[in-house]
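To start, the structure under review is shown below, and the notes come after it.
There are 2 protein chains.
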Amino acid sequence: MTITGEMLIGASAVRGSSEPFHAINPATGETLEPEFHGSGTDDVARACELADAAFDAFRVTSPDQRARFLEAIADQIEALGDALIERAHAESALPIARLQGERGRTTGQLRLFASVLRAGRWQTATLDSALPERTPPRPDLRMQKIAIGPVAVFGASNFPLAFSVAGGDTASALAAGCPVVAKAHPAHPGTSELVGRAIRKAVADAGLPEGVFSLLTGAGHTVGTELVEHPAIQAVGFTGSRSGGLALMQVASNRAQPIPVYAEMSSINPVFLLPEALSARGEAIARELADSLVLGVGQFCTNPGLLLALEGPALDTFRAAAGAAVTAKPAGTMLTPGIQRAFEHGITSLSDIPGLARTATGQASTGPNQARAAVFETTAQRFIADPRMHAEVFGPSTVLVVCRDVEDLLAVAQQLEGQLTATVQADRGDYALAAQLLPLLERKVGRILFNGYPTGVEVSYAMVHGGPFPATSDTRTTSVGTTAMDRFLRPVCYQNVPAQLLPPALQDGNPLDLWRLKDGQPAKG
Amino acid sequence: MTITGEMLIGASAVRGSSEPFHAINPATGETLEPEFHGSGTDDVARACELADAAFDAFRVTSPDQRARFLEAIADQIEALGDALIERAHAESALPIARLQGERGRTTGQLRLFASVLRAGRWQTATLDSALPERTPPRPDLRMQKIAIGPVAVFGASNFPLAFSVAGGDTASALAAGCPVVAKAHPAHPGTSELVGRAIRKAVADAGLPEGVFSLLTGAGHTVGTELVEHPAIQAVGFTGSRSGGLALMQVASNRAQPIPVYAEMSSINPVFLLPEALSARGEAIARELADSLVLGVGQFCTNPGLLLALEGPALDTFRAAAGAAVTAKPAGTMLTPGIQRAFEHGITSLSDIPGLARTATGQASTGPNQARAAVFETTAQRFIADPRMHAEVFGPSTVLVVCRDVEDLLAVAQQLEGQLTATVQADRGDYALAAQLLPLLERKVGRILFNGYPTGVEVSYAMVHGGPFPATSDTRTTSVGTTAMDRFLRPVCYQNVPAQLLPPALQDGNPLDLWRLKDGQPAKG
Chain S
1 MTITGEMLIG
11 ASAVRGSSEP
21 FHAINPATGE
31 TLEPEFHGSG
41 TDDVARACEL
51 ADAAFDAFRV
61 TSPDQRARFL
71 EAIADQIEAL
81 GDALIERAHA
91 ESALPIARLQ
101 GERGRTTGQL
111 RLFASVLRAG
121 RWQTATLDSA
131 LPERTPPRPD
141 LRMQKIAIGP
151 VAVFGASNFP
161 LAFSVAGGDT
171 ASALAAGCPV
181 VAKAHPAHPG
191 TSELVGRAIR
201 KAVADAGLPE
211 GVFSLLTGAG
221 HTVGTELVEH
231 PAIQAVGFTG
241 SRSGGLALMQ
251 VASNRAQPIP
261 VYAEMSSINP
271 VFLLPEALSA
281 RGEAIARELA
291 DSLVLGVGQF
301 CTNPGLLLAL
311 EGPALDTFRA
321 AAGAAVTAKP
331 AGTMLTPGIQ
341 RAFEHGITSL
351 SDIPGLARTA
361 TGQASTGPNQ
371 ARAAVFETTA
381 QRFIADPRMH
391 AEVFGPSTVL
401 VVCRDVEDLL
411 AVAQQLEGQL
421 TATVQADRGD
431 YALAAQLLPL
441 LERKVGRILF
451 NGYPTGVEVS
461 YAMVHGGPFP
471 ATSDTRTTSV
481 GTTAMDRFLR
491 PVCYQNVPAQ
501 LLPPALQDGN
511 PLDLWRLKDG
521 QPAKG
Chain Z
1 MTITGEMLIG
11 ASAVRGSSEP
21 FHAINPATGE
31 TLEPEFHGSG
41 TDDVARACEL
51 ADAAFDAFRV
61 TSPDQRARFL
71 EAIADQIEAL
81 GDALIERAHA
91 ESALPIARLQ
101 GERGRTTGQL
111 RLFASVLRAG
121 RWQTATLDSA
131 LPERTPPRPD
141 LRMQKIAIGP
151 VAVFGASNFP
161 LAFSVAGGDT
171 ASALAAGCPV
181 VAKAHPAHPG
191 TSELVGRAIR
201 KAVADAGLPE
211 GVFSLLTGAG
221 HTVGTELVEH
231 PAIQAVGFTG
241 SRSGGLALMQ
251 VASNRAQPIP
261 VYAEMSSINP
271 VFLLPEALSA
281 RGEAIARELA
291 DSLVLGVGQF
301 CTNPGLLLAL
311 EGPALDTFRA
321 AAGAAVTAKP
331 AGTMLTPGIQ
341 RAFEHGITSL
351 SDIPGLARTA
361 TGQASTGPNQ
371 ARAAVFETTA
381 QRFIADPRMH
391 AEVFGPSTVL
401 VVCRDVEDLL
411 AVAQQLEGQL
421 TATVQADRGD
431 YALAAQLLPL
441 LERKVGRILF
451 NGYPTGVEVS
461 YAMVHGGPFP
471 ATSDTRTTSV
481 GTTAMDRFLR
491 PVCYQNVPAQ
501 LLPPALQDGN
511 PLDLWRLKDG
521 QPAKG
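And the structure:
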């Protein structure tokens with residue numbers, strides 16, 4: 001499939017009417033062809049109008065139809081073959097093997113949502129029997145969840161496949177029955193176009209209305225703002241920076257009809273190194289943490305940006321081992337020149353803070369746009385007193401906070417902003433302290449993990465990739481895992497609706513063979 | 001129990017430090033004793049700090065403990081006896097029988113949430129088994145929902161019991177494990193204090209931390225704004241006007257940490273009178289609609305404020321019958337002088353719109369603060385062209401929109417803003433048209449009802465008292481029914497957490513005997 005530099009407005013591939021831009025290979029600095037053009041105001045409006053026009057037909061497709069559609073998208077992405085991986089590699093400098101794994105995650109996610117669609121629990125079918133003899137009589141009441149409407153999806157820079165054009169937001173929105181208008185991330189427009197064309201082919205092959213999917217382009221903020229402002233758009237999925245997420249939240253809440261924004265934004269993912277674990281496994285933890293820190297050049301929402309430990313000999317051993325491990329890490333190419341500049345700026349800002357010492361630095365850069373890992377160290381008192389140390393530096397940077405005692409450790413935990421994850425390294429003798437820590441962490445994070453590292457995010461039923469603000473804009477939701485779909489659904493109640501007019505999920509006889517809540521009891525039948 | 005005019009800040013009954021105010025008996029205009037004082041800034045902060053301090057202990061009470069607490073609140077409300085009904089009657093002019101029914105709804109709702117707590121599905125317990133042999137290995141992942149944090153609840157004027165201090169918002173928030181800081185509606189402060197004292201007694205009897213419940217007072221907007229601005233507050237429940245809801249949404253989204261607002265605001269609840277039903281039952285529908293229109297002096301969120309029908313002889317018969325029925329309705333006393341003034345203003349505004357004719361008016365007022373029912377009429381074209389006709393007039397007012405044909409009818413449906421309900425009066429011959437209408441209504445409303453009237457809202461599993469903006473601020477939720485509790489919960493994932501440290505809902509062996517989703521399948525065990 002050729003990359004043409006066009007937007008995909010429904011079934012039409014057309015050149016954007018706004019400013020031209022190119023992708024850049026961050027590993028070489030070279031400009032990649034072809035030229036792209038940003039979507040103009042009319043392009044945005046046309047994509048949104050098509051999505052609105054497609055909505056009613058799409059949302060009432062059967063769950064099995066939508067499941068087959070999602071599977072077809074996965075097939076079409078696989079059919080792109082090596083060309084997709086090569087383009088993504090050129091645009092992101094992410095390793096080939098990582099991108100192959102990410103493609104598997106992307107297609108696996110689409111197929112998981114297909115199975116969720118067929119299982120049908122997402123519909124939350126609920127039936128309350130009429131009680132005609134009661135005073136007053138109770139009507140027949142039935143409830144199901146339906147699609148919320150067309151969704152705007154913003155591709156993330158750091159997962160050009162799994163959090164981008166056909167990533168978790170798109171997969172869960174399409175699964176719910178919502179048309180998607182995606183905005184390609186300008187760092188990987190060619191990858192985005194390839195994936196967009198794969199979705200477009202699946203739309204056409206399934207005979208769905210063209211407006212089920214469109215792909216907009218643009219290097220600045222205008223397209224995104226216009227997209228979120230468009231009255232047809234009913235929800236927003238976004239993964240990116242705190243400032244970007246906050247800006248979209250503002251746009252969405254200023255609309256005549258405010259809409260939900262699901263922004264996954266900012267997290268420093270504290271790692272608590274409890275004493276017994278640190279004594280028993282300090283050197284191994286140091287090496288593994290260093291690996292987690294530089295994985296993907298630290299460009300993960302779940303990168304471990306904060307380490308907490310009690311002072312003492314075990315910490316000294318850990319510090320030395322971590323320092324050695326990080327110092328040995330080669331510099332890595334970041335996703336974009338802009339991200340690299342922001343990382344350098346973040347490192348400089350941290351370096352300028354009195355009382356925050358840089359204790360280890362990775363190997364020097366050998367090419368453009370590279371980042372060297374960095375470890376900083378401070379005390380609990382200083383960390384608590386200085387909010388600048390709490391800010392996310394996107395990339396391979398972490399701050400070790402040395403606590404004099406357990407009270408210090410708990411005080412830091414108490415002070416934290418909302419986070420995607422918190423990690424506890426704990427051996428059996430640490431469990432009493434862990435039990436003290438857990439209630440604090442439950443209030444602060446979406447996922448608590450023990451004796452692991454936060455940088456792996458499983459796509460499954462129980463996953464929560466979410467958390468209190470500013471980790472996300474909506475702590476009630478997750479952007480990874482099967483319940484991501486709930487973000488794009490809303491309940492509708494049907495009272496005394498004649499049998500012939502009831503939707504399939506709520507009909508007598510249960511034609512979809514769903515688990516339904518009937519008079520308060522889960523039942524098939 | 002004596003009404004003292006004090007706020008209830010945790011366990012302390014104290015006089016507010018801000019301006020004094022009194023309740024007024026709207027039926028007589030007389031001032032009711034005692035004097036109340038608005039909560040000052042320090043009072044608001046103290047209530048919020050107590051709620052925050054109580055949160056961790058309260059949220060980890062067992063579901064059965066919280067169930068017994070909710071049942072104790074219901075018992076304590078019943079123990080208030082006639083004094084509660086009499087005070088509510090004096091403060092609201094609502095009939096004694098209606099208030100007795102509303103008390104039953106309030107206590108029934110508390111007891112229903114107790115049963116929901118014990119059934120445990122609200123925890124959404126989800127378990128994904130570890131797959132240690134997979135590459136990469138999958139960790140053990142478990143998810144449950146936990147309480148979101150302290151909740152601010154704003155009592156509504158029109159349900160001094162069921163949507164007020166111990167109403168649906170409070171019941172669902174407490175069920176979720178969230179402490180509640182309630183703001184009493186200034187129209188019924190005495191009723192609020194009595195109910196607040198009943199809750200406070202239940203808190204004390206259960207040995208719960210005092211901050212689980214506080215009751216603030218105030219006649220203006222300051223207390224509410226300060227309450228929503230307080231950093232301890234994590235969600236807001238509100239039932240009231242569009243302007244009030246929008247103001248709170250603005251305050252919440254301007255916080256350093258934005259929080260969800262569940263505002264149930266504005267709805268005109270269209271009633272579609274389809275041709276065969278209108279021919280067969282037009283006179284009966286006219287009488288029943290007139291009853292629904294004046295029920296509670298029209299002071300329901302679900303009041304039928306918009307009627308749609310096709311022109312022709314059946315409509316002429318309906319119009320005559322509806323006119324006669326409405327003309328015969330006595331005027332009724334509204335809840336407050338302010339609501340009565342707003343109703344008069346709304347009627348005057350509608351009367352001033354060219355092309356909107358007043359076709360029926362109820363009986364003249366016989367006392368202070370009364371409202372006369374009003375029916376207006378216009379054409380589909382005029383209605384579509386003039387958004388002023390779409391605005392809710394809170395009280396017994398409705399607009400009949402005459403449609404030339406089915407296209408007109410569908411065009412009006414298409415134009416509507418978000419609504420709590422839509423009603424369809426349809427006989428068998430109308431089902432084809434109803435089937436055309438249903439997809440439009442699904443997009444616009446939270447509840448679709450056939451051959452009934454929207455003014456009854458059942459508290460049950462399948463109820464949705466919600467709907468797209470501006471009916472509510474959050475179309476994903478309901479403020480009535482068991483799933484109202486979901487508004488105050490958020491998911492947390494536990495990865496490889498040691499068995500000893502897992503919360504009860506997620507432990508091996510399923511000690512709470514929950515339905516859990518295990519590797520994608522619902523199971524007990």
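Protein sequence lines, in the order shown, are assigned to chains S and Z. One point on numbering: in UniProt numbering, the residue at position 147 of the first sequence is 147, and numbering is uninterrupted. One point on numbering: in UniProt numbering, the residue at position 38 of the second sequence is 38, and numbering is uninterrupted. Glycine residues also receive a C-beta, built at the ideal position from the N, C-alpha and C atoms.
- Contact with chain Z is absent for residue 52/S, since none of that chain's Cβ atoms lies less than 8 Å from the residue's Cβ.
- Cα atoms of residue 304/S and residue 265/S: separation of roughly 15 Å, rounded to the nearest angstrom.
- Judged by DSSP secondary structure, residue 282/Z falls within the alpha helix (DSSP H) whose first and last residues are 275-294.
- For residue 128/S, the nearest beta carbon of chain Z is closer than 8 Å to its own beta carbon.
- A Cβ-Cβ contact shorter than 8 Å links residue 269/Z with residue 420/Z.
- Scanning 331/S, 149/S, 85/S for the CA closest to the CA of residue 439/Z turns up 149/S.
- Counting only runs of 3+ residues, the beta strand (DSSP E) found wholly inside the segment 321-377 of chain S occupies 357-361, in chain order.
- Beta-bridge analysis with DSSP links residue 37/Z to 20/Z.
- The C-beta separation of residue 192/S from residue 155/S comes to about 6 Å, placing the pair in contact by the 8 Å criterion.
- Within chain S, the residues 448, 450 have their CB atoms less than 7 Å from the CB of residue 497/Z, given in chain order.
- When DSSP states are grouped into helix, strand and coil, residue 301/S belongs to the coil group.
- Of the candidates 34/Z, 206/Z, 106/Z, the residue whose Cα lies closest to the Cα of residue 64/Z is 206/Z.
- In the displayed model, residue 92/Z falls within a helix according to three-state DSSP.
- Listed along the chain, the chain S residues whose CB falls inside 8 Å of the CB of residue 492/Z are 442, 445, 446, 447, 448, 464.
- By the rule that beta-carbons nearer than 8 Å mark a contact, residue 469/Z touches chain S.
- About 7 Å separates the Cβ atoms of residue 112/S and residue 482/S, confirming a contact at the 8 Å cut-off.
- Each of 232/Z, 42/Z, 412/Z was checked against the Cα of residue 179/Z, and the nearest Cα belongs to 232/Z.
- By the Cβ rule, the segment 342-351 of chain Z does not count as touching the segment 277-294 of chain Z, because fewer than three pairs are nearer than 8 Å.
- Counting C-beta pairs with one atom in each stretch, the segment 166-176 of chain Z and the segment 106-125 of chain Z have three or more that are closer than 8 Å, which means they touch.
- Counting along the chain, no alpha helix (DSSP H) covers residue 392/S, and no H or E run does either.
- Between the segment 361-369 of chain S and the segment 14-32 of chain S there are three or more inter-stretch CB-CB distances shorter than 8 Å, so the stretches are counted as touching.
- Minimum Cα-Cα distance from residue 506/Z among the listed residues 140/Z, 227/Z, 469/Z corresponds to 140/Z.
- In this structure, the beta-carbon distance from residue 152/Z to residue 181/Z falls below 8 Å.
- When Cβ-Cβ separations below 8 Å define contact, residue 262/S makes no contact with chain Z.
- Residue contact check for residue 456/Z against chain S: a CB pair falls below 8 Å.
- By the neighbour-count definition (other C-beta atoms within 10 Å, threshold 16), residue 473/S is a buried residue.
- Identification of residues in the segment 422-438 of chain Z having a C-beta nearer than 7 Å to some C-beta of chain S yields 431, 434, 435, 438, given in sequence order.
- Out of 18/Z, 434/Z, 93/Z, the CA that lies nearest to the CA of residue 336/Z is found in 93/Z.
- The beta carbon of residue 262/S sits closer than 8 Å to the beta carbons of 169, 235, 236, 237, 238, 472, 473, 474, 477, 479, 487 from its chain, once the five residues preceding and following it are set aside; these are given in chain order.
- With 16 or more neighbouring CB atoms inside 10 Å of its own CB, residue 158/S falls in the buried class.
- In the DSSP annotation of this structure, the continuous segment of the alpha helix (DSSP H) that includes residue 434/Z starts and ends at 431-444.
- Taking 7 Å as the upper bound on Cβ-Cβ separation, chain S lies near residues 498, 500, 501, 515 of the segment 498-515 of chain Z.
- Residues are counted here when their Cβ sits less than 8 Å from a Cβ of chain S; for the segment 127-157 of chain Z these are 127, 128, 136, 138, 139, 141, 142, 143, 146, 148, 149, given in chain order.
- Within the same chain, no residue comes within 7 Å of residue 119/Z by CB-CB distance, once the 5 residues on both sides are set aside.
- Of the other Cβ atoms in all chains shown, 16 or more fall within 10 Å of the Cβ of residue 164/S; this residue is therefore buried.
- The C-alpha of residue 197/Z is placed about 50 Å away from the C-alpha of residue 278/Z.
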